[in-house]
Amino acid sequence: MSATEYGHIVRIAGKDIDGSKKLVVALSKIKGIGFNFAQVLLNTLQIDPNLRVGFLSENEVSIIENGIKNPENIGIPQWFLNRRKDVQSGVTSHNITTDWDIVIYNDVEREKGVMSWRGFRHMMGLKVRGQCTRTTGRKGGAVGVRKIGKAMPTAPGGAIPTTTAAATTAKETPSSGAKQESTVKAESKPTQDKSEK
C-alpha cells in the first residue's frame, strides 16, 4: 500500500490486526509470537518495527507471513523457536494460533494418559507448577472436604422431640441463681438524684 492507501484492519497469519498499531506490537498480539520473536523476525527481514501496520504493502505482508511459517529459512536460530524436538516427530518448529493450542492440548492429554504427577494434577483441576494451594486456587473442579453430620430427628408432624425441646428451653432461660445475682448487684449500686447536684 502506498502512503495514501491505509488499511484499518490488516490480516496477518490468520489474525485481524489493528492498522494503527506499530508492527512489532501488533505481531506480538498473535498467539505464539512474543515481543522478542517479533523483533528478531522484523530485524532479520529488514522491516522497520515502528512502521504502522496499516501502511504495509501486500508484498511485505506475504514476506512476514512466510517468515512466521518458516523462521529457519530466513536465518532465525532453532533455539528461538517455541517447539523444539517434538515428542512424536522430533522436528523443531514454530507454532502459532490454533496449531499452538492443539500442541498444548495434546501435551496435556499425553501427561494425563501416562498418569504422571503433572497429568494427575491436570485431571484434578489443581495447580501444576508447585504453587502453594492453601489459600489460592480454591475455585475449579477440585472437590473439597464435606462434613457429614447427623440429621436432627423429628417427631411425627414436624414437632421437635421432647429431649431437644428441653435442652433449648434450658439454654434460653437463665437459672434462678443468675436472676438473684443480677438483682443484688442492681440494689447495691448507689443512685444519685439529679436534684442533689
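Anchor point for the sequence shown: position 97 equals 101 in our numbering, and the numbering is continuous, going up by one each time.
Glycine is no exception: its CB is placed at the ideal position from the N, C-alpha and C atoms.
#1: Specify the secondary structure class of I72 as computed by DSSP and reduced to three states.
#2: Excluding sequence positions up to five away, which residues of its chain have a Cβ less than 8 Å from the Cβ of E115?
#3: For D20 versus V14, is the C-beta spacing smaller than 9 Å?
#4: For the 8 Å Cβ check, are there 3 or more pairs between the stretch 81-98 and the stretch 50-69?
#5: For the beta strand (DSSP E) holding R15, just list the boundary residues, first then last.
#6: Among L45, N40 and F59, whose alpha-carbon lies nearest the alpha-carbon of G79?
#7: For the beta strand (DSSP E) that D22 lies in, which residues bound it at each end?
#8: For the alpha helix (DSSP H) that contains I34, what are its first and last residues?
#9: Do G18 and L60 count as a contact pair if the criterion is CB distance below 9 Å?
#10: Can a CB atom of chain E be found closer than 9 Å to the CB of V95?
#11: What do you reckon, are the CB atoms on I100 and G36 nearer than 9 Å?
#12: Roughly how many angstroms lie between the CA atoms of W290 and L27, to the nearest whole one?
#13: Let me know if G71 comes out buried or exposed under the rule of 16 or more other beta-carbons within 10 Å of its beta-carbon.
#14: Would you call P75 buried or exposed, if buried means 16 or more other Cβ atoms sit within 10 Å of its Cβ?
#15: Keeping to the same chain, check which residues put their C-beta closer than 7 Å to that of G38; ignore five residues upstream and five downstream.
#16: Hey, L130 and G141: beta-carbon distance below 9 Å or not?
#17: Since I68 and L49 are thought to touch, with beta carbons under 8 Å apart, how far apart are those beta carbons, to the nearest angstrom?
#18: Quick check: V91 and D111, are their CB atoms within less than 9 Å of each other?
Per the coordinate set shown:
#1: Three-state result, I72: helix.
#2: Here the set comprises R122, G123 and H126.
#3: yes
#4: no
#5: I13 to I16
#6: L45
#7: K19 to D22
#8: Careful: I34 lies outside any alpha helix (DSSP H) and carries neither H nor E.
#9: no
#10: The question asks about chain E, but that chain is absent: this structure has only one protein chain.
#11: yes
#12: This structure does not reach residue 290, given that the chain is present from 5 up to 201, and the question cannot be answered.
#13: buried
#14: Its Cβ being crowded by 16 or more others within 10 Å, P75 is buried.
#15: S32
#16: yes
#17: Contact flag correct, Cβ pair sits at about 7 Å.
#18: yes
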